[in-house]
Each structure stands twice: as structure tokens, then as C-alpha cells.
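>
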Amino acid sequence: PSAEEERRAKLPPLTALGKAVPAEPWEPPPYEVLPGVTLPAKIAAKIEQIDRGYARRTREHLVITSGTRDANRQARAMFTKLRLGEDLLQLYRNKAAVQEIKKAYQASSRKPPEQVVAAMEAVIQDQIDRGIYVSAHLRRGAVDVRNRTMSSKERRAFLESAREVEGVLVIDEATPPHYHLQID
């Protein structure tokens, strides 16, 4: 039977071991999370607070475009920024870590994009293994929010809503355009 058929039959959900366990009712968040994006519960709770304030002001909901990243997703994000002309040294605090990643990018720049990303990923993974995190996305402490579809009024509403939530720093990034939220 399908999950829907089991739900209609009022069967409790199965665990990975196949034993029935009671489950809390789950409501999806009102904000949109793009496929493949993961958010830790602590981060999701703060995003929900921001989204409530934003929806109260605009009757719209936020779109979350990125959350926790592994080395590959971080490499892909940095590769995209470099290809779009972003100066990573202006964006990231740890200049030495950025230089290592840029060196891998430049050394493999004539190769296909997936090989360039793989070289960057190897450097980022090595940095993580050494306790160096070039981005808060790698430490489960950052989220990106789509802003390219927001009007100036909606942008103001978002910034006001984010200011109401403790432990949230908003950075307006241009390449590609989005709000980067660092969350304590």
C-alpha cells in the first residue's frame, strides 16, 4: 500500500526498522524551501518567525534557496559566484581559506565545470577536516532567502521582520541576488 493509503487506514508511520511509532502531527512551514535544501530545526524556527512577520506585512511568504551545505554544495556556490564575476575576497572573512579555494579554481579553470567544482570541493573538505569553515552554511548556521522577486516595499518588510528575531544577521548579496542570513 502507498503512504497515502496507509494514512487513510490510520496506520502509524514506520521507522527504518519497520516498527510502528507514534508521531506528532506535522505541518509544512508556510515559507517555501527549494528542493534539496536542508534546514536544522533551530534555523527553521527562526526562519518561521521571520516569515510570520514578513507575511503579516506583505501577505507573501519567503523562498529559502539554500541552507546547510556540504563541501560539494559550497564548491558549487563558490564556483557560480566566481563565474558570475563575484570577488570572493570581498565576500568571505577568511581570506586565506578563500585563496586556497581560488587557487584550485584557477588551476583547473580549463577543465569542464564538474572537474573544477571537484577540485574546489577537495580543498573545502580538507579545510573542514582542519576545522576551517569558509562559510556559515558549512556549520549549519546560514540560510539564503530569494529577494530578486521582492519589491522595495517587500525588501523593507523582510529587513524589519528579520530585525525582530534575535541572533539573525542579514547580508544583502548581489551575485546572484539574495539575502544571506547568518543565524546564531
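Counted from 1, the sequence shown has number 13 at position 18 by the numbering used here; the numbering is strictly sequential. Using N, Cα and C, we set each Cβ at its ideal position, and we do this for glycine too. What you are looking at is a predicted structure, and each value in this text was computed from that prediction instead of being measured.
Does the distance from the C-beta atom of VAL111 to that of LEU57 stay below 8 angstroms?
Not closer than 8 angstroms, so no.
> Are there three or more Cβ pairs, one per stretch, closer than 8 angstroms when the region 22 to 35 is compared with the region 50 to 65?
Touching, yes.
> How would you call ARG51, buried or exposed, if buried means at least 16 neighbouring beta carbons within 10 angstroms?
Exposed: under 16 other Cβ atoms inside 10 Å.
> If we count the other Cβ atoms within 10 Å of its Cβ and call it buried at 16 or more, is GLU116 buried or exposed?
With 16 or more Cβ atoms within 10 Å of its Cβ, GLU116 is classed as buried.
> Is it the case that the Cβ atoms of VAL93 and VAL118 are separated by a distance below 8 angstroms?
Against a cut-off of 8 angstroms, the Cβ pair of VAL118 and VAL93 comes out as no contact.
> Mapping DSSP to helix, strand and coil, what is ASP46?
Helix, per DSSP.
> Is LEU86 helix, strand or coil by DSSP?
DSSP places LEU86 in helix when its eight states are reduced to three.
> Please identify the residue among GLU95, PRO25 and PHE153 whose C-alpha is closest to the C-alpha of TYR49.
Checking every option, the nearest Cα to that of TYR49 belongs to PHE153.
> Check whether the Cβ atoms of ILE38 and ALA157 lie closer than 8 angstroms to each other.
No, they are not a contact pair.
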